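Shown next, in structure tokens, is the structure this report addresses.
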Amino acid sequence: MTLVMTLVMTFAAMLAATAAQANPPSLAVQPSRGASASPESLALSTEARFAATRWQDIEATTLRLAERTVGSFEGEPTGWRRHPVKLHYRFYRHREETRGGIVIVAGFTEGLAMYQELIHDLVAQGYSVYLHDHRGQGFSTRLLQDAAVSLGESEDASQRGHIDQFEHLVSDLQRFVALVRASRAAPDTHAGGRPLMLLAHSMGGAVSALYLARAGGAAGGESVASTPSTEAAPRGAAISAAAFVTPMFEPRVATPGRAGEKPVLGRWCEDAAVGLPFQLPGVSAQRVQGEGFDAERAAWLAQPDLADNDLSHSVPRLLRRWADRLARCEGEHCGHGDARVAGPTLRWVAQACAASRQAREVAPARIQVPVLLLQAGQDTVVENAAQNSFCAALNAAAPGRCVAQVLPQARHSLLVEADAFRVPALQRVLRFFAETAAPAAKSAEAQSAEH
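Here it is, written out as structure tokens:
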């Protein structure tokens with residue numbers, strides 16, 4: 002057993018011995034068991050449509066309806082030396098936008114290459130779509146570029162899932178939303194009067210909840226470092242509604258591979274994570290799960306049954322997902338040359354545990370926009386009980402503000418699940434945005450006009 006795992010297990014055992022876990026509330030919702038309409042009825046992609054299709058080719062299909070902008074912006078500097086962080090982003094502006102804009106907030110290790118099917122489906126529904134790659138993943142700057150050299154290791158440390166401060170992810174999103182709003186306010190877009198929504202997955206759910214809470218709910222008039230790209234951001238409500246898909250309000254640290262295997266550490270966030278000495282040199286950057294991108298990919302492909310996994314029942318979508326994680330980036334707006342990331346570091350786990358607790362316990366009192374929470378009944382990547390706690394806290398602060406739905410047989414990666422689960426999930430998101438976002442945007446405009 003490595004020193005890192007020994008430390009973790011020791012602290013977990015010590016604190017778990019005295020910790021009593023409360024029984025979290027359950028979601029008072031009607032479960033959804035399958036698709037209520039065919040993918041074709043909503044112009045949603047089927048599993049077969051983009052099977053074995055390169056992400057660039059899916060993007061090209063989207064560009065028949067939308068105009069693409071590829072860019073980058075500077076995120077919060079990292080480290081005591083304040084190293085610059087370049088964050089890659091893309092806009093997909095619908096040429097005839099009718100419904101508003103959606104900012105996608107990705108999950109851990111994910112990048113925009115992996116979201117091309119979803120982007121296509123949303124654009125096909127009349128939305129403009131905006132997405133940036135988080136620091137440390139996708140086509141954005143890695144935070145451990147030189148760690149392998151300094152630690153005398155042969156592994157490419159840039160492939161480790163690492164974070165400096167979780168709050169930097171929140172600040173990065175804040176800057177990106179300001180950038181999006183400035184773009185939508187331009188006279189030639191004709192988009193300023195339509196709502197802007199968040200669609201967040203997994204880790205992106207925690208980032209989004211903290212972002213909404215930071216600004217006191219509507220995320221309007223937030224304090225963002227002024228740059229030429231954000232100065233034109235309009236005042237008023239930035240976000241009209243948010244959909245959280247299997248959000249990370251408490252992560253699990255599990256062995257990658259077969260579905261349903263017991264996590265290495267189970268629910269250890271509350272017991273040990275925040276108390277570990279993560280700032281020790283050579284410790285915080287150590288991987289606590291998996292053996293690297295190539296090893297994880299090879300292990301999954303070597304399984305006799307590829308459907309036996311923790312993420313999705315859809316083998317075609319998972320095969321494409323692994324291919325998308327090999328995506329390469331070229332040009333001035335690339336913070337990193339490829340999208341390969343796998344396995345969290347001890348620092349990432351510590352930061353994720355602390356931030357997810359804030360997201361479920363502190364943020365709900367400040368969030369003032371409607372929230373939809375989609376839960377996967379077979380999720381083994383994040384804790385469903387923590388999602389229940391978040392929704393209950395949000396409704397305690399404002400009854401009815403959090404609407405939840407459970408898909409009992411679905412797995413964590415709902416956005417790349419089999420059609421039987423992905424279709425009803427996206428149907429619910431689209432219906433939620435149609436019912437809540439436009440009225441919320443009009444109400445916010447009226448309140449802004451009064452002041």
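Here the sequence shown stands for residues 2 to 452, where the numbers follow the working numbering.
For glycine and all other residues, C-beta sits at the position ideal for the given N, C-alpha and C.
Computed from a predicted model, the values in this text were never measured in an experiment.
### Query
Counting Cβ pairs, one atom from each stretch, are 3 or more of them under 8 Å apart for the segment 341-356 and the segment 430-440?
no
#### Entry: Where the beta strand (DSSP E) through residue 103 begins and ends
101-106
### Query
Near residue 45, which residues of its chain fall below 7 Å by C-beta distance, leaving aside the five closest residues on each side in sequence?
122, 424, 427
### Task
Kindly list the residues whose CB is nearer than 7 Å to the CB of residue 127, restricted to its own chain and excluding five residues on each side of it in sequence; keep chain order.
Counting only Cβ-Cβ distances below 7 Å, and skipping sequence neighbours, we find 95, 98, 99, 100.
### Query
Who pairs with residue 90 in a beta bridge, going by DSSP?
72, 133
### Task
Enumerate in chain order the residues of its own chain whose CB-to-CB distance from residue 361 is below 6 Å, with the five nearest sequence positions on each side excluded.
Within its own chain, the residues whose Cβ lies closer than 6 Å to the Cβ of residue 361, once the five positions on either side in sequence are excluded, are 250, 387, 390, 391, listed in chain order.
### Query
Rounded to a whole number of angstroms, what is the C-alpha to C-alpha distance between residue 430 and residue 197?
14 Å
### Task
Could you check the C-alpha separation between residue 186 and residue 398 for me, to the nearest Å?
32 Å
### Neighbour-count burial assignment, residue 339, 16 or more Cβ in a 10 Å radius
buried
### Task
Take residue 298 as the anchor and find which of 385, 313, 324, 240 has the nearest alpha-carbon.
324
### Task
Taking all protein chains shown into account, decide if residue 332 is buried (16 or more other Cβ within 10 angstroms of its Cβ) or exposed.
So residue 332 ends up on the exposed side.
### Task
Name the residue from 182, 421, 416, 433 whose alpha carbon lies nearest to the alpha carbon of residue 108.
416
### Task
Note down, in chain order, each residue of its chain lying with its Cβ closer than 7 Å to the Cβ of residue 304, except the 5 sequence neighbours on either side.
Here the set comprises nothing.
### Message
Between 355, 412, 435, which has its C-alpha nearest residue 379's C-alpha?
### Response
412
### Task
Rounded to whole angstroms, what's the CA-CA distance from residue 289 to residue 245? Just pull it up for me.
26 Å
### Message
Excluding the 5 residues flanking residue 210 on each side, which residues of the same chain have their C-beta closer than 6 Å to its C-beta?
### Response
360, 364
### Task
Tell me the start and end of each unbroken beta strand (DSSP E) in the segment 398-423 that is at least 3 residues and wholly inside, in chain order.
Counting only runs of 3 or more, we get 403-408.
### Query
Between which two residues does the beta strand (DSSP E) harbouring residue 198 extend?
197-202
### Close-in-space but distant-in-sequence residues of the same chain around residue 316 (CB under 6 Å, 5 per side omitted)
307, 308
### Member of 131, 168, 419, 300 whose CA lies at the smallest distance from the CA of residue 349
Checked all of 131, 168, 419, 300; the closest Cα to residue 349 is 168.
### Message
Would residue 368 and residue 214 qualify as a contact pair, given that the criterion is a beta-carbon distance under 7 Å?
### Response
A contact, by the Cβ cut-off of 7 Å.
### Query
Is DSSP giving residue 169 helix, strand or coil here?
helix
### Query
Grouping DSSP H, G and I as helix and E and B as strand, with all else coil, what is residue 246?
strand
### Message
Which of the three DSSP states is assigned to residue 346 in this structure?
### Response
strand
### Task
Evaluate residue 68 with the Cβ neighbour count: other Cβ atoms within 10 Å of its Cβ, from every protein chain shown; 16 or more gives buried, anything less gives exposed.
exposed
### Message
If distances are taken between C-alpha atoms only, which option among 207, 79, 174 comes closest to residue 354?
### Response
207
### Task
Please confirm whether residue 106 and residue 194 have their CB atoms less than 7 Å apart.
no
### Task
Could you spell out the range, first to last residue, of the beta strand (DSSP E) harbouring residue 49?
Segment: none, residue 49 is in no beta strand (DSSP E) and carries neither H nor E.
#### Entry: Given residue 60 as reference, the closest of 414, 137, 130 once Cα atoms are compared
130
### Query
What separation, rounded to the nearest whole angstrom, lies between the Cα atoms of residue 243 and residue 199?
5 Å
### Task
Indicate the three-state DSSP secondary structure (helix, strand or coil) for residue 160 in the structure shown.
helix
#### Entry: Secondary structure of residue 373, DSSP reduced to three states
strand
#### Entry: residue 409 to residue 314 span [Cα, whole Å]
13 Å
### Message
With a threshold of 8 Å on Cβ separation, who are the neighbours of residue 433 within its own chain once the five nearest residues in sequence on each side are excluded?
### Response
242, 244, 371, 373, 404
### Message
Assuming residue 340 is part of the alpha helix (DSSP H), what are its boundary residues?
### Response
Residue 340: not part of any alpha helix (DSSP H); DSSP gives it neither H nor E.
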